[in-house]
Amino acid sequence: MSRRAYHDPLHGEIVLDRSEPAEAMAIDLIDAPAFQRLRRIRQLGPAFLTFHGAESSRFTHSIGVLHLARRALTHLERLQPDLAQHRGLIYGAALLHDVGHAPLSHSGEEMYGLHHETWSARLVQEQGDLSGPLEQWAPGTAAAVAELLEHGRSPHPAAKALVSSQLDCDRLDYLRRDSYSTGTSYGQLDLDRLIAALTLAPDGQVALHPRGRTAVEHYLVVRSLMYSSVYNHRLNIVCNWLLQQIVVQARRLSPSALFADGVMERWIWHSDELDTCTYLANDDLRTGYHLLRWREEGPAPLQELCGRLLERRLLQATDVRGLDRGQRLEVLALAQRLARRAGMDPELCCGLRERRSTGYRPYIGGLRLWNGQQLQALEQVSPLVESLSHPQELAWVMHPREVRDQLRQQLPAANPQP
Numbered sequence: 017m018s019r020r021a022y023h024d025p026l027h028g029e030i031v032l033d034r035s036e037p038a039e040a041m042a043i044d045l046i047d048a049p050a051f052q053r054l055r056r057i058r059q060l061g062p063a064f065l066t067f068h069g070a071e072s073s074r075f076t077h078s079i080g081v082l083h084l085a086r087r088a089l090t091h092l093e094r095l096q097p098d099l100a101q102h103r104g105l106i107y108g109a110a111l112l113h114d115v116g117h118a119p120l121s122h123s124g125e126e127m128y129g130l131h132h133e134t135w136s137a138r139l140v141q142e143q144g145d146l147s148g149p150l151e152q153w154a155p156g157t158a159a160a161v162a163e164l165l166e167h168g169r170s171p172h173p174a175a176k177a178l179v180s181s182q183l184d185c186d187r188l189d190y191l192r193r194d195s196y197s198t199g200t201s202y203g204q205l206d207l208d209r210l211i212a213a214l215t216l217a218p219d220g221q222v223a224l225h226p227r228g229r230t231a232v233e234h235y236l237v238v239r240s241l242m243y244s245s246v247y248n249h250r251l252n253i254v255c256n257w258l259l260q261q262i263v264v265q266a267r268r269l270s271p272s273a274l275f276a277d278g279v280m281e282r283w284i285w286h287s288d289e290l291d292t293c294t295y296l297a298n299d300d301l302r303t304g305y306h307l308l309r310w311r312e313e314g315p316a317p318l319q320e321l322c323g324r325l326l327e328r329r330l331l332q333a334t335d336v337r338g339l340d341r342g343q344r345l346e347v348l349a350l351a352q353r354l355a356r357r358a359g360m361d362p363e364l365c366c367g368l369r370e371r372r373s374t375g376y377r378p379y380i381g382g383l384r385l386w387n388g389q390q391l392q393a394l395e396q397v398s399p400l401v402e403s404l405s406h407p408q409e410l411a412w413v414m415h416p417r418e419v420r421d422q423l424r425q426q427l428p429a430a431n432p433q434p
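Each residue of the sequence shown is one higher than the last, beginning at 17 in my numbering.
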């Protein structure tokens with residue numbers, strides 16, 4: 017068939033046509049086994065334990081990013097027609113930006129200690145089912161896509177802006193998609209207005225026409241709300257910690273002391289030596305199967321950790337962002353003492369997670385307004401955007417539900433927020 021249609025819950029019908037060379041390349045990439053694996057990688061990892069609708073996949077998201085990149089590029093080509101020569105690079109990078117994700121997406125990165133950007137770049141260059149279509153578009157495209165995905169460098173600044181920037185097509189899709197799947201109402205972005213506002217500054221960089229300022233401000237507010245209410249939800253933090261502790265416990269054992277098939281054995285004990293085939297062989301299904309087996313027949317610590325996750329007997333998380341580092345450690349020590357008194361192993365049920373939420377970053381590819389005469393940094397003309405650039409320190413102490421009341425009764429007084 018010369019045409020391929022994907023019916024997307026957000027974007028409607030997304031049609032690719034083989035008569036257009038870049039779209040033919042995209043179809044071949046989508047059909048590649050390495051890309052089809054993304055159907056088996058949850059977009060939001062274990063967030064379905066908090067938001068029951070969060071079941072969408074990296075596959076669905078990547079198709080959406082391609083769709084938005086095509087729309088944005090078509091708009092920019094009206095301003096600079098020679099951008100068309102970069103279609104293969106932009107389509108390839110849009111589709112494959114997440115192809116290197118570990119099981120459970122970002123949670124899997126923390127769990128296994130891997131970086132998806134590095135693996136995406138490696139897969140693009142070493143997997144023939146990915147590099148082949150890219151090289152057929154134009155020699156050197158696979159290397160260019162890998163360079164853009166891993167290092168954010170591109171032969172044309174517009175390509176980088178659409179794939180890797182503070183207003184890229186990745187963010188535009190995942191904010192809407194994650195809001196939709198989690199049942200939150202924050203992600204109603206004005207995509208038409210945002211894309212229509214894209215323009216090119218005199219230096220060739222992508223900028224925004226001032227008429228799109230309100231839509232961009234809304235987008236940045238949405239991003240802030242999604243991070244505070246979804247991505248950094250306290251139960252997501254708990255699930256990520258449990259997953260990380262599961263691998264910590266597994267790695268303390270020898271392969272002969274724990275069930276693991278050949279693929280998982282290499283992921284657990286030899287993750288720094290993974291080849292691309294072994295990397296691609298792991299997904300949510302394989303990881304989930306091992307969690308089930310370890311709950312049923314693993315050593316007691318793994319049975320406890322896997323059981324908490326699979327049966328949703330989650331730990332609680334107390335917000336300690338208002339405390340200094342020393343006070344946070346005191347609260348953690350208190351939680352550990354209380355857990356021990358209750359007959360529980362503190363190592364398996366108490367932890368401290370700290371995170372810095374950077375928000376909008378004006379000094380790292382900040383957004384600019386261009387009206388055809390004057391170029392201005394967005395944060396200089398928008399007090400709202402400037403306020404979103406201040407980083408936030410986030411911190412939680414995790415502990416069993418059974419010690420919550422005692423713990424919170426003994427919390428030190430919070431320091432005043434700056």
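Glycine included, each C-beta is placed from N, C-alpha and C at the ideal position. This structure is a prediction, so every number in the text was calculated from the model and none was measured.
Using CA atoms only, rank isn't needed, just tell me which of Gln143, Ala118, Glu142, Leu99 is closest to His131.
The shortest C-alpha to C-alpha distance from His131 to any of Gln143, Ala118, Glu142, Leu99 is the one to Ala118.
Contact defined as beta carbons within less than 8 Å: I believe Cys185 pairs with Ala88. What is the distance between those atoms, to the nearest angstrom?
About 6 Å; that satisfies the 8 Å criterion.
Please classify Gln426: does DSSP put it in a helix, a strand, or coil?
In this structure, Gln426 counts as coil in the three-state DSSP scheme.
Buried versus exposed call for Val31 [16 or more other C-beta atoms within 10 Å across all chains shown]
With fewer than 16 Cβ atoms within 10 Å of its Cβ, Val31 is classed as exposed.
Please identify the residue among Pro37, Glu39, Leu216 whose C-alpha is closest to the C-alpha of Arg94.
Restricting attention to Pro37, Glu39, Leu216, the CA atom closest to the CA of Arg94 is found in Leu216.
Roughly how far, in whole angstroms, is the beta-carbon of Arg53 from the beta-carbon of Asp299, given that I think they are within contact range, below 8 Å?
The C-beta separation of Arg53 from Asp299 comes to about 6 Å, placing the pair in contact by the 8 Å criterion.
Between the CA atoms of Leu410 and Arg56 - distance to the nearest angstrom
Going by the C-alpha atoms only, they are around 31 Å apart.
Chain-order list of residues whose beta-carbon lies under 6 Å from that of His83 (same chain, five-residue window excluded):
Within its own chain, the residues whose Cβ lies closer than 6 Å to the Cβ of His83, once the five positions on either side in sequence are excluded, are His27, Ile30, listed in chain order.
Are there three or more Cβ pairs, one per stretch, closer than 8 Å when the region 323-339 is compared with the region 408-426?
Touching, yes.
Measuring alpha carbon to alpha carbon, tell me which of Ala160, Leu112, Gln182 ends up nearest Asp47.
Taking Asp47 as reference, the option from Ala160, Leu112, Gln182 with the minimal CA-CA separation is Leu112.
By Cβ distance below 7 Å, which residues in the same chain neighbour Ala70 in space, the five residues on each side in sequence not counted?
Once the five neighbours on either side are set aside, the close Cβ partners of Ala70 are Leu60, Ala63, Phe64, Ser197, Thr198.
Taking the beta carbon of Tyr202 as the centre, do at least 16 other beta carbons fall within 10 Å, making it buried, or is it exposed?
Tyr202 should be labelled buried.
Exposed or buried, which one is Glu370 when buried takes at least 16 other CB atoms within 10 Å?
By the neighbour-count rule (16 or more Cβ atoms within 10 Å), Glu370 is not buried but exposed.
Closer than 8 Å is the cut-off here; do at least three beta carbon pairs connect the region 214-228 with the region 379-393?
Result yes; three or more Cβ-Cβ pairs closer than 8 Å.
Are the CB atoms of Ala175 and Leu188 within a distance shorter than 9 Å?
Taking a C-beta distance under 9 Å as the contact criterion, Leu188 and Ala175 do not qualify as a contact pair.
Just to confirm the assignment, what range does the beta strand (DSSP E) spanning Tyr247 have?
No beta strand (DSSP E) holds Tyr247; DSSP gives it neither H nor E.
Distance check for Leu321 and Pro434, CA to CA, integer angstroms please.
With a pLDDT of only 39 at Pro434, under 50, the local geometry of the prediction cannot be trusted, and the value read off the model is given with reservation. Using only the alpha carbons, I get a separation of about 37 Å.
Quick check on Thr134: buried or exposed, where buried means 16 or more other Cβ atoms within 10 Å of its Cβ?
Burial check for Thr134: the Cβ neighbour count within 10 Å stays below 16, so the residue is exposed.
Let's see if you can read the secondary structure: which residues bound the beta strand (DSSP E) around Arg436?
Examination of residue 436 is not possible in this model, given that the chain is present from 17 through 434 alone.
Can you tell me the Cα-Cα spacing of Pro25 and Gly168, whole angstroms?
A direct Cα-to-Cα measurement between Pro25 and Gly168 gives close to 30 Å.
Going by the DSSP bridge assignment, what does Met414 pair with across the sheet?
Met414 is bridged by DSSP to Ala333, Gly367.
Runs of beta strand (DSSP E) lying entirely within the region 58-84, each at least 3 residues, in chain order
Scanning the region 58-84 from its first residue to its last, no whole beta strand (DSSP E) run of 3-plus residues comes out.
State whether the region 353-370 contacts the region 416-424, with contact taken as three or more CB pairs (one from each stretch) at a distance under 8 Å.
A contact exists between the region 353-370 and the region 416-424.
With a CB to CB cut of under 7 Å and the five nearest residues on each side skipped, what residues in its chain are close to Cys365?
Cβ neighbours of Cys365 beyond the five flanking positions: Leu331, Ala355, His415, Pro416.
What is the DSSP secondary structure of Thr292, reduced to helix, strand or coil?
Correct three-state label for Thr292: helix.
Tell me whether the beta-carbon of Leu307 lies closer than 9 Å to the beta-carbon of Val232.
Taking 9 Å as the cut-off, the beta carbon of Leu307 is found no closer than this to the beta carbon of Val232.
On the CB-based measure, 16 or more other CB atoms within 10 Å of its CB, does Tyr305 come out buried or exposed?
Counting Cβ neighbours within 10 Å, Tyr305 comes out exposed, since fewer than 16 surround it.
Tell me, please, which residues DSSP counts as bridged to Glu320.
By DSSP's assignment, Glu320 forms no beta bridge with any residue.
How is Gln408 classed by DSSP in three states: helix, strand or coil?
DSSP places Gln408 in strand when its eight states are reduced to three.
If you measure between the beta carbons of Tyr107 and Asp194, is that distance less than 9 Å?
Contact: no.
Just to confirm, are Pro428 and Gln319 a CB contact at a threshold of 9 Å?
No.
Which word fits Asp114, buried or exposed, when buried means at least 16 other C-beta atoms lie within 10 angstroms of its C-beta?
Per the 10 Å Cβ criterion, buried.
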